[in-house]
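Using the working numbering, the letters of the sequence shown map in sequence onto residues 1389 to 1532. Don't be surprised by glycine CBs; every beta carbon is placed ideally from N, CA and C.
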Amino acid sequence: MTRLADCHVRFLPGDRGHTASVTGQGHAHGESRVVREERKDPVEILARVSGPGPQGGDPERAYQVWVHFARKAGWNVTENPGFQGLRGGTECGRVEIEGLEYRVHYGLRVRLTLVDDSAGRVTHRPILDHAAWAEPVLEGYTLE
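Below is the structure:
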């Protein structure tokens, strides 16, 4: 196993995204290729699903919308174990995407502007709204 800190990475343009030439301990006489995906990375996918009140909308619907968006972006998503409800915090489910596991979260995540004219004049102020997003499960992950 090679520690990332022991490697030198140089990105090269390629016909399918970018490749990386990786050299360092364990790679001194060889080359590994890393292909950058053209698909939107799962961590960049936001499912903006809001509802009335401070609790927002339905976490299960937000989870399902996130899974739909990930599949629409071209990812093979396996719901494993799928929606689990909010479990203390923002995690609401888990999925497996082409060999990596992700936690799907639901909570305040996206910025909106509230336009308020209740005091007789129009004011604008930033607020946060609910969305679903995913983060990779890092426990037990190693760079091979």
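Environment of residue i [buried if 16+ CB atoms lie within 10 Å]
| i | result |
| --- | --- |
| R1586 | Nothing in the structure corresponds to residue 1586, since the chain is present only between 1389 and 1532. |
| Y1494 | buried |
| V1437 | buried |
| Y1451 | buried |
| V1422 | exposed |
| A1507 | exposed |
Cβ-Cβ separation, residue j to residue i (assumed contact under 8 Å), whole Å
| i | j | result |
| --- | --- | --- |
| V1465 | I1485 | 5 Å |
| A1520 | W1454 | 4 Å |
| L1500 | H1518 | Incorrect: roughly 10 Å between the Cβ atoms, too far for contact. |
DSSP three-state assignment for residue i, whether helix, strand or coil
| i | result |
| --- | --- |
| A1520 | strand |
| V1423 | coil |
| V1431 | helix |
| D1504 | strand |
| L1496 | strand |
Please confirm if the stretch 1450-1466 is in contact with the stretch 1489-1502, defined as three or more CB-CB distances below 8 Å between the two stretches.
yes
Check whether the stretch 1463-1477 and the stretch 1504-1515 touch, using three or more Cβ-Cβ pairs below 8 Å as the test.
no
At what residue ranges does the stretch 1445-1489 contain a whole run of the alpha helix (DSSP H), taking only runs of 4 or more?
1447-1460
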